[in-house]
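Single-structure report; data block below.
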Amino acid sequence: MSLTQSPRYLITGASSGIGEELARQLAKKGYIIGLVARRKERLNTLKEELLESPGKVFIHAVDLANEIETTKAFTKLVSAMGGLDGIILNAGVGRDDLKAPWESDAQTIDINIRAFAHGLHWAFAHFQKQGHGHIVGMSSIASHLASGHAPVYTASKHFVSNYMTGFRMKVNALNMKLDITDIRPGYVVSEMTQNNPNTFWMASTHRAVKMMIQGIEKKKKRIYITKRWRLLAELADLIPYFIWNRLSF
Ligand SMILES: NC(=O)c1ccc[n+]([C@@H]2O[C@H](COP(=O)([O-])OP(=O)(O)OC[C@H]3O[C@@H](n4cnc5c(N)ncnc54)[C@H](OP(=O)(O)O)[C@@H]3O)[C@@H](O)[C@H]2O)c1
Numbered sequence: 004m005s006l007t008q009s010p011r012y013l014i015t016g017a018s019s020g021i022g023e024e025l026a027r028q029l030a031k032k033g034y035i036i037g038l039v040a041r042r043k044e045r046l047n048t049l050k051e052e053l054l055e056s057p058g059k060v061f062i063h064a065v066d067l068a069n070e071i072e073t074t075k076a077f078t079k080l081v082s083a084m085g086g087l088d089g090i091i092l093n094a095g096v097g098r099d100d101l102k103a104p105w106e107s108d109a110q111t112i113d114i115n116i117r118a119f120a121h122g123l124h125w126a127f128a129h130f131q132k133q134g135h136g137h138i139v140g141m142s143s144i145a146s147h148l149a150s151g152h153a154p155v156y157t158a159s160k161h162f163v164s165n166y167m168t169g170f171r172m173k174v175n176a177l178n179m180k181l182d183i184t185d186i187r188p189g190y191v192v193s194e195m196t197q198n199n200p201n202t203f204w205m206a207s208t209h210r211a212v213k214m215m216i217q218g219i220e221k222k223k224k225r226i227y228i229t230k231r232w233r234l235l236a237e238l239a240d241l242i243p244y245f246i247w248n249r250l251s252f
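Quick note: to get my numbering, add 3 to the position in the sequence shown (first position is 1).
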């Protein structure tokens with residue numbers, strides 16, 4: 004990337020919540036962004052809203068569970084954007100009470116684990132070929148926890164964070180110029196949290212995303228949103244296994 008080139012980032016899950024706000028704030032900073040999600044009308048509205056921003060916005064509606072269509076969408080967006088400097092793998096789902104328990108868990112595995120891993124593989128190969136890049140993954144404070152309410156969600160975020168650590172080790176072994184940023188938010192206002200009555204330390208989407216972008220631009224390895232969640236994460240890591248097995252929540 005030349006010094007005058009605007010940074011070019013792909014963002015998955017940009018039709019609502021954190022992804023939508025990332026798109027908004029990055030476009031206002033002049034980034035060239037490619038946005039992916041299933042709800043095309045939401046992406047269109049966001050693109051319209053950002054027409055006057057200094058950045059450029061490209062959109063492609065796709066279901067990330069469809070790997071062939073996702074690869075096509077990423078490739079088309081990168082071509083329209085004139086290249087790629089980073090990807091923010093943000094799309095994710097929580098427990099869906101409208102679905103049967105297994106259907107809900109299966110969807111979380113498909114999106115939070117499989118689609119995340121597919122996106123990371125695609126990006127790794129792309130950046131390895133071009134010799135530089137930045138992969139940002141949306142994990143969660145849940146990567147430090149277990150939960151009886153949403154066992155698959157917490158497990159999926161353990162996967163996300165641990166997978167990124169493994170890829171960072173691969174980057175070190177291959178001596179590559181590739182940054183990997185693991186974002187671990189606590190509670191942030193979004194569609195995912197709007198019906199959850201058990202939230203606390205909730206951050207506004209605007210504030211949370213502003214902090215995320217500060218960390219992304221510094222190419223930090225790990226970011227807690229907001230910072231106080233780091234304390235809870237460190238405490239959770241100290242809890243022995245036999246205590247986790249006795250907890251009920
Ligand atoms: N909000 C929080 O408190 C919190 C805390 C920690 C971590 N996170 C993580 O932050 C990320 C964003 O969540 P959010 O809170 O902003 O929730 P959200 O408002 O529900 O956004 C989720 C995004 O993921 C997209 N998505 C879901 N399934 C998809 C699929 N099959 N194909 C393509 N896109 C898909 C959705 O778009 P479509 O429905 O249009 O496809 C939407 O844009 C998630 O990974 C979540 O786990 C959130």
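Glycine included, each C-beta is placed from N, C-alpha and C at the ideal position.
N- and C-terminal bounds of the alpha helix (DSSP H) containing V267: In the structure as shown, the chain starts at 4 and stops at 252, and residue 267 therefore has no counterpart that could be examined.
C-beta contact flag for A30 and V60 at 8 Å: yes
Proximal residues to H135 (C-beta, below 6 Å), its chain only, five neighbours per side dropped: K180
Range covered by the alpha helix (DSSP H) that runs through F77: 70–84
Where the alpha helix (DSSP H) through R210 begins and ends: 208–220
Coil, strand or helix - P10 by DSSP: Three-state result, P10: coil.
The segment 235–243 contacting the segment 145–152, beta-carbon criterion three pairs below 8 Å: yes
Nearest neighbour of P57, chosen from P10, I114, G22 [CA to CA]: Put simply, of P10, I114, G22 the residue whose alpha carbon is nearest the alpha carbon of P57 is P10.
Status (buried if at least 16 other CB within 10 Å, exposed otherwise) for G97: buried
Assumed close pair E72, V65 - CB separation to whole angstroms, cut-off 8 Å: Between E72 and V65 a beta carbon distance of about 5 Å is seen, short of the 8 Å cut, so the two are scored as contacting.
For I35, the residue or residues it bridges with in DSSP: Answer by DSSP bridge pairing, in chain order: R11, K59.
Residues of its chain near L53, where Cβ-Cβ distance is below 6 Å and the 5 sequence neighbours each way are ignored: A30, V60
Cross-strand partners of D113 (DSSP beta bridge): In the DSSP assignment, no residue is bridged to D113.
Any non-hydrogen atom of ligand 1 within 7 Å of T74 CB: If you check the C-beta of T74 against ligand 1, you find no heavy atom less than 7 Å away.
G151 (DSSP reduced to helix, strand or coil): DSSP places G151 in coil when its eight states are reduced to three.
Proximity test, S18 beta-carbon vs ligand 1 heavy atom, cut-off 7 Å: yes
Any non-hydrogen atom of ligand 1 within 7 Å of D66 CB: Checking every heavy atom of ligand 1 against the Cβ of D66, one is found closer than 7 Å.
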